[in-house]
Amino acid sequence: MIGLFFGSFNPIHLGHTSLAGYLLEHTNLEEVWFVVSPHNPLKENKELLPEKQRLELVNIAIADKESFKSSDIEFSMSTPNYTLRTLKKINQLYPDKEFTLIIGADNLACITLWKEYEFLLSNYQMLVYPRKGFDLIELNKKYPQVQIVEAPLYPISSTKIRDLIKQKKDASEWLHPLVYKYLLRIV
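Add 66 to a position in the sequence shown, counting from 1, and you land on the number used in our numbering.
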């Protein structure tokens, strides 16, 4: 089973990679693929690093992790990047593999905004990890078909990291050392 971890990864941080490692250890996942999204249709893109730089940062962060892979599949797809469209493309390219979505409780809470969300919930497995401020028990009652994973909370976000770097404050504790070095060069 391969977990598909979609995100802008702007930038990828240790919360992302630690969560992926936790899921590999505590679920039936054999690999986690970090699917770098050029632009999430539900988010503004005013502060996005160029997609190729974000992919390069992901590759740097996961270089020493055999069970982690990066994917730029959405780079060649038309926008907006809807999860369902990407999943169909991945299934066409890898018909012999089984996939599950990795999403946060925040994404599950707003899944009704996703394109064809009923189809997604009915046809794809989902691992849902906790996010601060979201009640996993209530979400699981509403969406019993998903698998809730009691993963640790990581008290960092890509937005916070960008803010720290802009303010010339140290963000190194939350980033792979080579990712941090790269970011200091480009931001």
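Cβ coordinates follow ideal geometry from the N, Cα and C atoms, glycine included.
Item	Value
In the structure shown, what three-state DSSP assignment does Leu179 receive?	helix
Look at the Cβ atom of Ile252, then the Cβ atom of Glu164, and state whether they are nearer than 8 Å.	no
I need the straight-line Cα distance from Tyr246 to Leu153, nearest angstrom please.	31 Å
Identify which residue in Thr145, Leu114, Ala129 has its Cα closest to the Cα of Trp99.	Ala129
Give the straight-line distance between the Cα atoms of Gln158 and Ile139, rounded to the nearest whole angstrom.	12 Å
Using 8 Å as the threshold, is the C-beta distance between Ile126 and Leu244 below it?	yes
Where DSSP assigns a beta bridge to Glu97, which residues make up the other side?	Ile68
In this structure, does DSSP put Tyr190 in helix, strand or coil?	coil
Quickly, what does DSSP pair Ser136 with across the bridge? List them, please.	Phe100
Rounded to the nearest angstrom, how far is the Cβ of Ile168 from that of Leu89, given a contact under 8 Å?	6 Å
When DSSP builds the beta bridges, which residues end up paired with Leu167?	Leu70, Met192
Whole angstroms are fine: how far does the CA of Lys207 sit from the CA of Asn76?	32 Å
Inspect the beta-carbon positions of Tyr220 and Gly81 and report whether they are closer than 8 Å.	yes
Rounded C-beta distance between Glu182 and Leu150? I'm assuming under 8 Å.	5 Å
Quick one: using the 10 Å Cβ neighbour count with 16 as the cut-off for buried, is Pro104 buried or exposed?	buried
Which whole-angstrom value describes the C-beta separation of Tyr195 and Ala217, a residue pair presumed to lie in contact below a C-beta threshold of 8 Å?	4 Å
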